[in-house]
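Trainee: Numbering (my numbering), first residue to last: 34 to 254. After the structure tokens below, expect a handful of questions from me.
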């Protein structure tokens, strides 16, 4: 029985890592598509979304089975609870990647505006936060998780700066009003990536240290 339980936990961890890898690929493709106007990448993102949703369902079922059949306690229970919460965050990150990809077509003729906004700079930081949050989970690194939480403010400030830049461009040239609106939406989606990464990092701290830091990450020493 104990061996079966360990196998279930290992399978859960494995599927979390696989899903995280898919999500990271989605983010890389969505950022590159937005920055280059590559519609082939957009189609690839749409096709891969189904696989992420499949992992979401698989992990949910695994968690339900473990709780119902094995009734885990202590560290094992924290792992299962954290996995459930992180799974939902990863699924939402996958959705954000799709939402970003949906902005590529409306911006395809306005690549100059996209590149002058330097949206890829902000996107890469948010994506790195997601990647590091997954690394923190894989390695059980609460210190890395706490460091991720502190980066959220950086992305928030970048979003404010880039928002002001886009609005100024829209005022300067009315032809940029519609694409500018799409770009602002893309910026908001990228900001949400950082929020989701922070949520995952908080879940890792809960998993490793049995400490809830949600909504208090900035107060951590």
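From the three backbone atoms N, C-alpha and C, an ideal C-beta is built for every residue, glycine too.
Count the other C-beta atoms from every protein chain shown that fall within 10 angstroms of the C-beta of residue 137, then say buried if there are 16 or more, exposed otherwise.
Mentor: With 16 or more Cβ atoms within 10 Å of its Cβ, residue 137 is classed as buried.
Trainee: What does the Cβ neighbour count give for residue 220, buried or exposed, with the cut at 16 atoms within 10 Å?
Mentor: Looking at its Cβ environment, which holds 16 or more other Cβ atoms inside 10 Å, residue 220 is buried.
Trainee: Reducing DSSP to helix, strand and coil, say where residue 143 ends up.
Mentor: If DSSP states are grouped into helix, strand and coil, residue 143 belongs with coil.
Trainee: Mapping DSSP to helix, strand and coil, what is residue 237?
Mentor: In the structure shown, residue 237 sits in a helix (DSSP, three-state: H, G or I).
Trainee: Going residue by residue through the region 81–119, where are the continuous alpha helix (DSSP H) segments of at least 4 residues, counting only ones entirely within it?
Mentor: You should have found no qualifying run.
Trainee: Three or more C-beta pairs closer than 8 Å, one from the region 98–116 and one from the region 146–165: is that the case here?
Mentor: The region 98–116 vs the region 146–165: no contact.
Trainee: Given a threshold of 16 other Cβ atoms within 10 Å of its Cβ, counted over all protein chains shown, does residue 213 qualify as buried or as exposed?
Mentor: Result: buried.
Trainee: Please report the straight-line C-alpha distance between residue 161 and residue 100, rounded to a whole angstrom.
Mentor: If you take the alpha carbons of residue 161 and residue 100, they lie about 32 Å apart.
Trainee: Under the assumption that residue 96 contacts residue 117 (Cβ atoms under 8 Å), give the Cβ distance between them as a whole number of angstroms.
Mentor: Going by Cβ atoms, the distance from residue 96 to residue 117 rounds to 5 Å, so yes, they are a contact pair.
Trainee: My parser needs the alpha helix (DSSP H) runs of 4 or more residues fully inside the region 135–195; what are they?
Mentor: Runs of the alpha helix (DSSP H) inside the region 135–195: 137–140, 144–150, 152–172.
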